[in-house]
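A quick write-up on the structure given underneath.
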Amino acid sequence: MKKKFFITTAIDYANGRPHLGHAYEKVLTDVVARYRRMTGDEVHFLTGIDEHGQKVTQTAKAQGKSPEELTNEVAPLFVDLCKTLLISNDDFIRTSETRHTDVVRSILQDLHDRGDIYKARYNGYYSVRQEQFVLEKERVNGEWPEIYGEVVEIEEENYFFRLGKYQDWLVSFLRENEFVFPLFRQKQVTEFLKEPVNDLCISRPVERLSWGIRLPFDEDFVTYVWFDALINYISAVGYGTERFGEYWPCDYHVIGKDILVPAHAVYWPIMLKAIGVPLPKSLLVHGWWHTGGAKLSKSSGVSIDPFEISKAFGPDALRFFLTREMNVGQDSDFTMELFLSRYNADLANNYGNLVNRLLNLSGRHLKDGLAAATVDGDPEHEVRALWEKTREDILRLYEGFQFHTALERIFQFITALNRYAEIRAPWKLAKSDNPDDRAVLETSLAVIAEGVRLATVAVIPVMPGVAERVLGLLREEVPPTWEGQFDWGNRLEGRTFGERAILFPRPG
Ligand code: MSP
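See below:
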């Protein structure tokens with residue numbers, strides 16, 4: 031059986047409504063997943079929520095609920111986010127499910143049996159917000175870094191995982207392998223590993239935190255939430271069963287830059303090494319969205335809430351914006367002004383207008399469906415030459431996660447098609463009785479139609495809903511892969527297209 035292309039997102043804390051950052055990570059992962067399907071891979075796409083731990087417990091308490099009540103309320107919101115944004119995930123894991131908790135407990139038992147987990151008394155500082163132990167030396171001018179929130183001193187017995195034992199192995203692994211994309215982020219990991227790594231405290235006493243997975247060898251403790259959460263990547267695909275080999279090693283864990291070090295680049299590889307499981311092939315690390323300080327845009331009345339934006343402008347428009355604006359790995363800014371300006375310029379006035387023109391003109395002037403392109407002048411040559419360059423570029427750019435530039439190229443091609451339409455001006459030729467004019471009119475609509483088809487097929491990973499709609503209007507099926515799809519041809523000849531449609535209406 032062919033191994034699947036396995037891709038995951040981080041699992042989001044189940045302590046509140048999904049926000050734009052969560053939406054982005056799912057969209058980015060979905061673009062990769064859909065792109066891989068277009069190249070012929072069989073994809074398995076996993077996402078889910080992280081339900082245990084202190085953060086969820088605290089929020090539940092503040093709302094007067096039990097953690098189970100809270101997570102049962104939050105889970106459907108994240109499932110709904112995936113549906114709303116046309117995310118093509120194959121699975122959605124909740125860390126409270128037994129398929130996960132059973133695996134976590136068996137791994138803990140295994141590591142305990144191997145002597146990689148031991149009990150010790152600990153006296154030190156603990157960040158409640160980050161749910162981690164912190165070191166005295168991390169204080170800056172006597173103050174704890176703000177990201178730690180409240181830091182308390184505690185003394186208690188706990189269980190520790192021997193991270194330090196594997197440090198040298200991890201350092202040499204990173205020296206020999208490109209593990210993190212973009213590569214500059216791997217340097218942050220190497221820097222972190224220059225200092226000795228402490229063993230990881232993987233338990234919390236039940237009196238302090240009861241919402242978690244009990245240690246199989248000591249029921250007075252629950253598992254530290256990160257140790258629990260990371261295991262979702264293997265528990266969801268049948269770790270310990272035969273089918274595991276169809277998925278693992280994972281191809282990409284898509285995560286934000288804040289959870290690279292130490293969780294995904296240190297804890298996770300070492301946990302896997304310790305249980306004798308190969309490492310994931312790569313970590314794809316994205317930057318953060320900031321919101322320009324503005325939560326609400328007065329001009330549109332739409333808040334920066336993924337559900338609201340999707341409701342007002344459609345999921346494809348939000349997916350397009352997030353993918354077009356963010357250079358994967360960098361940070362980016364989301365403002366409604368920027369969103370509206372891209373929506374209007376790229377989607378409504380460029381792509382939407384081109385499709386509208388095509389449907390309108392062919393509906394009016396082509397009684398027997400799309401005719402053949404019989405004229406081969408400079409304008410036609412230019413469009414075709416630009417397509418040949420564009421197709422080459424976009425395949426390379428998609429492959430290298432340069433989605434923002436891939437979209438830029440596709441939209442430059444769409445701009446060129448609109449320009450071509452202006453040059454050939456079929457609406458003017460329609461008035462003429464001259465057969466040469468008629469041939470140019472028919473050719474220009476054939477060229478525009480083929481261009482629209484190609485651009486639309488090329489944006490399938492980013493705008494699957496719009497692509498399906500446009501291809502439907504062209505009487506085309508959505509192709510399962512890109513095989514043979516990018517060849518310029520006249521496959522639409524003879525077709526009668528659908529009615530004129532406004533793809534990107536002006537927000538009311
Ligand atoms: N539960 C952990 C992850 C465990 S993975 C085994 C967690 N959850 S989170 O809800 O805080 O974050 C989930 C993901 O959303 C992370 O990858 C994080 O980087 C991402 N984002 C959260 N806010 C973000 C932005 N403002 N912008 C982009 N992504 C951000 O961490």
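Residue numbers (our numbering): 31 to 538. Ideal Cβ placement from N, Cα and C applies to all residues, glycine included.
*Sequence-distant residues of the same chain with beta carbon closer than 6 Å to G481, five excluded per side*: Translated into the one-based positions of the sequence shown, residue 481 becomes position 451. Short of 6 Å from the beta carbon of G481, and not among the five residues preceding or following it, lie these beta carbons of its own chain, in chain order: L447.
*Between I243 and T131, what straight-line distance do the alpha-carbon atoms span, to the nearest angstrom?*
For the purposes of this step, residue 243 is taken as the residue at position 213 of the sequence shown. For the purposes of this step, residue 131 is taken as the residue at position 101 of the sequence shown. Taking the straight line from one Cα to the other gives about 6 Å.
*Give the secondary structure of D8 by DSSP, where H, G and I count as helix, E and B as strand, and everything else as coil.*
Examination of residue 8 is not possible in this model, given that the chain is present from 31 through 538 alone.
*C-alpha distance - E208 paired with Q216, whole-angstrom precision*: Counting from one through the sequence shown, the residue named residue 208 turns up at place 178. Counting from one through the sequence shown, the residue named residue 216 turns up at place 186. Approximately 8 Å, taken between the alpha carbons.
*So I147 packs on F190, CB below 8 Å; how close in whole Å?*
As a first step, residue 147 must be located in the sequence shown, where it is residue number 117. As a first step, residue 190 must be located in the sequence shown, where it is residue number 160. That pair is a contact at about 7 Å.
*Would you call G382 buried or exposed, if buried means 16 or more other Cβ atoms sit within 10 Å of its Cβ?*
As a working note, residue 382 is residue 352 in the sequence shown. Around the CB of G382, 16 or more other CB atoms lie within 10 Å, so the residue is classed as buried.
*Out of F369, T526 and A347, state which residue places its alpha-carbon closest to the alpha-carbon of D398.*
The sequence position of residue 398 within the sequence shown is 368, counting from 1. Closest option to D398, Cα to Cα, is T526.
*Would the C-beta of G78 count as close to the ligand MSP, meaning under 7 Å from any of its heavy atoms?*
The residue labelled residue 78 in the question sits at position 48 within the sequence shown. G78 Cβ: outside cutoff for every heavy atom of the ligand MSP.
*Classify P279 as helix, strand or coil using the three-state DSSP reduction.*
The residue given as residue 279 occupies position 249 in the sequence shown. Under the three-state reduction of DSSP, P279 is assigned to coil, being neither helix nor strand.
*asked:* Is it buried or exposed, T511, if we count other Cβ atoms within 10 angstroms and call 16 or more buried?
replied: Numbered from its first residue, the sequence shown carries residue 511 at position 481. Exposed, since its Cβ has fewer than 16 Cβ neighbours within 10 Å.
*asked:* Taking 8 Å as the limit between beta carbons, can you name the residues of its chain near L437, skipping five residues before and five after?
replied: As a first step, residue 437 is located in the sequence shown; it is residue number 407 there, counting from the start. Once the five neighbours on either side are set aside, the close Cβ partners of L437 are F350, T353, R354, V489 and V492.
*asked:* Quick check on H395: does DSSP put it in helix, strand or coil?
replied: Against the sequence shown, residue 395 aligns to sequence position 365. Three-state result, H395: helix.
_Cutoff 7 Å; reference F343; Cβ partners in own chain excluding five residues on either side_ = To locate residue 343, count along the sequence shown from 1; it is residue 313. Counting only Cβ-Cβ distances below 7 Å, and skipping sequence neighbours, we find Y373 and P537.
*From the DSSP output, in three-state form, read off S462 for me.*
What you label residue 462 is simply residue 432 of the sequence shown in a count that begins at 1. Coil at S462, not helix or strand.
*How many angstroms separate the CA atom of V255 from the CA atom of G83?*
Locating residue 255 in the sequence shown gives position 225, counting from the first residue. Locating residue 83 in the sequence shown gives position 53, counting from the first residue. Cα to Cα, V255 sits roughly 5 Å from G83.
*Per-residue DSSP class, three states only, for I79*: Stepping through the sequence shown from its first residue, residue 79 is reached at position 49. Three-state result, I79: strand.
*Would you list the residues sitting across from F35 in a DSSP beta bridge?*
Residue numbering aside, residue 35 sits at position 5 when the sequence shown is read from its first letter. Answer is V73.
*Any non-hydrogen atom of the ligand MSP closer than 7 Å to Y54 Cβ*: Residue numbering aside, residue 54 sits at position 24 when the sequence shown is read from its first letter. Yes, the Cβ of Y54 comes within 7 Å of a heavy atom of the ligand MSP.
*Give me whichever residues DSSP pairs with N188 in a beta bridge.*
Position 158 of the sequence shown holds residue 188. For N188, the beta-bridge partners assigned by DSSP are A150.
_Sheet register partners of E183 (DSSP bridge)_ = Working through the sequence shown from its first residue, we reach residue 183 at position 153. Bridge partners of E183: Y155.
_Between P175, V133, F431 and Y428, which has its C-alpha nearest T271's C-alpha?_
Within the sequence shown, residue 271 is the residue found at index 241, counting from 1. With distances taken between Cα atoms, T271 lies closest to V133.
*Does the beta carbon of G242 fall short of 7 Å from some heavy atom of the ligand MSP?*
Taking the sequence shown and counting its residues from 1, one reaches residue 242 at position 212. No - the ligand MSP has no heavy atom lying nearer than 7 Å to the Cβ of G242.
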